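Enquirer: In the numbering used here, the protein residues as written are 676 to 1038. Got a structure for you, written out below as structure tokens; questions coming shortly.
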Ligand code: PMP
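Right, dumping it as structure tokens:
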């Protein structure tokens, strides 16, 4: 048999028909496409950090429990003693782990529509049934729609990003409480953007028997360390811990995160700067005639004039500015761009470029 024939026979149709997750090439660009933190650390700290990494024993497997990170992280995030933590190689890995627990169970997973694409991507990858939950005109929970959907689907797992990506808004607390109280599913509140909002649902993981909270360090300056966490009652965490790959958090990441947490005020100060810059970006884009959606995250999503999102995206790219074009990705995201809040310099460069485009394209 040829290699091609073997692939036909051995790789399931579902995989062959799929596509690898595409990441835009950002070489040399101002990167405003992936909700990263734009700031780097002062050089004296980077020198200390390099020293710490140089002393990592890479000949040994990592600490399987990332013990040195637990206490400082718990303290920084004010995670109650009654809750346990499971670490993942990014929260992507935790999403994968949670969904994979449903393989062959016949049970479904649900998430708002639109929201973070990986919920559906991973459900499809594991052949776990996925059900969209409808959002109302303000992209808030459509309570009746959700209740009907949950009754019909009877899911085992519901992901709720709070705030949502890519719409940027928080879901109403009252509606969320109604959903949590009316479902028998496990509700995972995904607080990936917790650093940029005052909303905090950690206490729900204490109060409600069916709530877990997921967080990540990706948005606070540690995207490269791939460090996510699932926080919840020890009874839940110990079940999912059985599915975690041994040594899933590598030694370099553990060391980097431990070091970063020793300097947590820097992380906080950077997130505060991003929040301030977000206010400016919303104001400035609004004053240029864009319909800017309210955001509690480190990005803003804007609706452009009809059929203008892609030309603006392409024209910005020619100017070495990379944003995310959502047009075409979802029926409700037509003509939209998602722009990560960058540093003050990056935001200024973006605004100047947009002013030029307005003049050139006559937007
Ligand atoms: N949840 C949401 C809502 C996200 O937007 C993202 C990343 N964009 C993630 C989870 C994944 O984050 P991580 O980098 O920790 O895998």
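Note that beta-carbon positions come from the ideal geometry of N, C-alpha and C, so glycine has one too. Since the model is a prediction, treat every value here as computed from it, not as a measurement.
Using 8 Å as the threshold, is the stretch 862-872 in touch with the stretch 983-1003, meaning 3 or more CB pairs across them?
Expert: no
Enquirer: Residue 832 and residue 777: beta carbons closer than 8 Å?
Expert: For the purposes of this step, residue 832 is taken as residue 157 along the chain shown, with counting starting at 1. For the purposes of this step, residue 777 is taken as residue 102 along the chain shown, with counting starting at 1. In this structure, residue 832 places its C-beta atom within 8 Å of the C-beta atom of residue 777.
Enquirer: Assuming residue 759 is part of the beta strand (DSSP E), what are its boundary residues?
Expert: Numbered from its first residue, the chain shown carries residue 759 at position 84. Unbroken beta strand (DSSP E) run through residue 759: 759-764.
Enquirer: Under 8 Å by Cβ, that's how I've got residue 889 and residue 1029 pegged, so tell me the actual separation to the nearest angstrom.
Expert: On the chain shown, position 214 is the one that residue 889 refers to. On the chain shown, position 354 is the one that residue 1029 refers to. Contact doesn't hold; Cβ gap of about 34 Å is too wide.
Enquirer: For the beta strand (DSSP E) containing residue 889, list its first residue and its last residue.
Expert: As a first step, residue 889 is located in the chain shown; it is residue number 214 there, counting from the start. Its beta strand (DSSP E) spans residues 886-891.
Enquirer: Which stretch, first to last residue, makes up the alpha helix (DSSP H) that contains residue 951?
Expert: For the purposes of this step, residue 951 is identified with residue 276 of the chain shown, where counting begins at 1. 939-962 is the extent of the alpha helix (DSSP H) around residue 951.
Enquirer: Pull the bridge partners of residue 1000 from the DSSP assignment, please.
Expert: Stepping through the chain shown from its first residue, residue 1000 is reached at position 325. Its beta-bridge partners are 1012.
Enquirer: Under the criterion of a Cβ to heavy atom distance below 7 Å, does residue 752 qualify as lining the ligand PMP?
Expert: Walking along the chain shown from the start, residue 752 turns up at place 77. False, no ligand heavy atom lies under 7 Å from that Cβ.
Enquirer: Quick one: is the Cβ of residue 842 within less than 7 Å of any heavy atom of the ligand PMP?
Expert: Taking the chain shown and counting its residues from 1, one reaches residue 842 at position 167. Outside the cutoff, so no.
Enquirer: Using only CA atoms, which one of 929, 691, 693 lies nearest to residue 728?
Expert: Looking up residue 728 in the chain shown gives position 53. Comparing Cα positions, the closest option is 929.
Enquirer: Using the three-state DSSP reduction, which class does residue 725 fall into: helix, strand or coil?
Expert: Against the chain shown, residue 725 aligns to sequence position 50. Residue state, collapsed to three classes: helix.
Enquirer: Got a sec: does the ligand PMP put a non-hydrogen atom nearer than 7 Å to the Cβ of residue 836?
Expert: As a first step, residue 836 is located in the chain shown; it is residue number 161 there, counting from the start. Correct: residue 836 has its Cβ closer than 7 Å to the ligand PMP.
Enquirer: Please report how far the alpha carbon of residue 746 lies from the alpha carbon of residue 1018, in whole angstroms.
Expert: Counting from 1 along the chain shown, the entry for residue 746 is found at position 71. Counting from 1 along the chain shown, the entry for residue 1018 is found at position 343. Distance between the alpha carbons of residue 746 and residue 1018 is about 31 Å.
Enquirer: Report whether the distance from the Cβ of residue 903 to the nearest heavy atom of the ligand PMP is below 7 Å.
Expert: Your numbering for residue 903 matches position 228 in the chain shown. Yes, the Cβ of residue 903 comes within 7 Å of a heavy atom of the ligand PMP.
Enquirer: Closer than 8 Å is the cut-off here; do at least three beta carbon pairs connect the stretch 994-1014 with the stretch 970-981?
Expert: yes
Enquirer: Is residue 781 helix, strand or coil when you go by DSSP?
Expert: On the chain shown, position 106 is the one that residue 781 refers to. Looking at residue 781 - three-state DSSP - the assignment turns out to be coil, as it is neither helix nor strand.
Enquirer: Would you give the residue range spanned by the beta strand (DSSP E) that residue 793 belongs to?
Expert: Stepping through the chain shown from its first residue, residue 793 is reached at position 118. First-last for residue 793: 793-800, but that is the alpha helix (DSSP H), not the beta strand (DSSP E).
Enquirer: Is any heavy atom in the ligand PMP found nearer than 7 Å to the beta carbon of residue 891?
Expert: Residue numbering aside, residue 891 sits at position 216 when the chain shown is read from its first letter. At least one heavy atom of the ligand PMP is nearer than 7 Å to the Cβ of residue 891, so yes.
Enquirer: Should residue 715 be labelled buried (16 or more other beta-carbon atoms within 10 Å of its own) or exposed?
Expert: The residue given as residue 715 occupies position 40 in the chain shown. By the neighbour-count rule (16 or more Cβ atoms within 10 Å), residue 715 is not buried but exposed.
Enquirer: For the stretch 834-853 against the stretch 914-928, are there 3 or more C-beta pairs whose distance is under 8 Å?
Expert: no
Enquirer: In the DSSP output, what is residue 767 paired with across the bridge?
Expert: The count along the chain shown starts at 1 and reaches residue 767 at position 92. Looking at the DSSP assignment, residue 767 forms no beta bridge with any residue, so it has no partner.
Enquirer: How many Å lie between residue 798 and residue 771 at the Cα?
Expert: One-based indexing of the chain shown puts residue 798 at position 123. One-based indexing of the chain shown puts residue 771 at position 96. Between residue 798 and residue 771, the C-alpha separation is close to 8 Å.
Enquirer: Taking only three categories from DSSP, how would you classify residue 834?
Expert: As a first step, residue 834 is located in the chain shown; it is residue number 159 there, counting from the start. It is a strand residue.
Enquirer: Going straight from the alpha carbon of residue 836 to that of residue 1006, what length do you get?
Expert: Numbered from 1 along the chain shown, position 161 holds the residue referred to as residue 836. Numbered from 1 along the chain shown, position 331 holds the residue referred to as residue 1006. Taking the CA atoms as reference points, residue 836 sits about 20 Å from residue 1006.
Enquirer: If you draw a straight line from the C-alpha of residue 925 to the C-alpha of residue 753, how long is it?
Expert: By one-based count along the chain shown, residue 925 stands at place 250. By one-based count along the chain shown, residue 753 stands at place 78. The alpha-carbon atoms of residue 925 and residue 753 are separated by roughly 24 Å.
Enquirer: Decide if residue 795 is buried, meaning its Cβ has at least 16 other Cβ atoms within 10 Å, or exposed.
Expert: For the purposes of this step, residue 795 is taken as the residue at position 120 of the chain shown. When all chains shown are included, residue 795 counts as buried.
Enquirer: Please work out which residues of its chain come closer than 7 Å, Cβ to Cβ, to residue 984, disregarding the five sequence neighbours upstream and downstream, and give them in chain order.
Expert: Position 309 of the chain shown, counting from 1, holds the residue named residue 984. The residues are 1000, 1002, 1010, 1011, 1012.
Enquirer: According to DSSP, which residues form a beta bridge with residue 865?
Expert: Taking the chain shown and counting its residues from 1, the one referred to as residue 865 is at position 190. Partner(s): 836, 889.
Enquirer: Any idea which residues DSSP pairs residue 808 with across the strands?
Expert: By 1-based counting over the chain shown, the position of residue 808 is 133. Paired residues: 787.
Enquirer: Report yes if the C-beta of residue 766 is less than 7 Å from at least one heavy atom of the ligand PMP; otherwise report no.
Expert: The residue labelled residue 766 in the question sits at position 91 within the chain shown. Correct: residue 766 has its Cβ closer than 7 Å to the ligand PMP.
Enquirer: Work out the CA separation of residue 676 and residue 1046 for me, nearest whole Å.
Expert: Absent from the structure is residue 1046, since the part of the chain shown begins at 676 and ends at 1038.
Enquirer: Nearest CA to the CA of residue 901: which residue from 944, 738, 767?
Expert: In the chain shown, residue 901 corresponds to position 226, counting from 1. Of the candidates 944, 738, 767, the one whose C-alpha sits nearest the C-alpha of residue 901 is 767.
Enquirer: Could you pull out every residue in the same chain whose Cβ sits closer than 7 Å to the Cβ of residue 886, ignoring the five residues on either side in sequence?
Expert: For the purposes of this step, residue 886 is taken as residue 211 along the chain shown, with counting starting at 1. If we look at residue 886 and ignore the five residues flanking it on each side, its Cβ neighbours are 855, 862, 864, 879, 880.
Enquirer: Going by the C-beta, is residue 791 closer than 7 Å to any heavy atom of the ligand PMP?
Expert: Taking the first residue of the chain shown as position 1, residue 791 is located at position 116. Under cutoff, so the answer is yes.
Enquirer: Express the C-alpha separation of residue 694 and residue 688 in angstroms, rounding to a whole number.
Expert: As a working note, residue 688 is residue 13 in the chain shown. As a working note, residue 694 is residue 19 in the chain shown. Spanning the two alpha carbons is a distance of roughly 12 Å.
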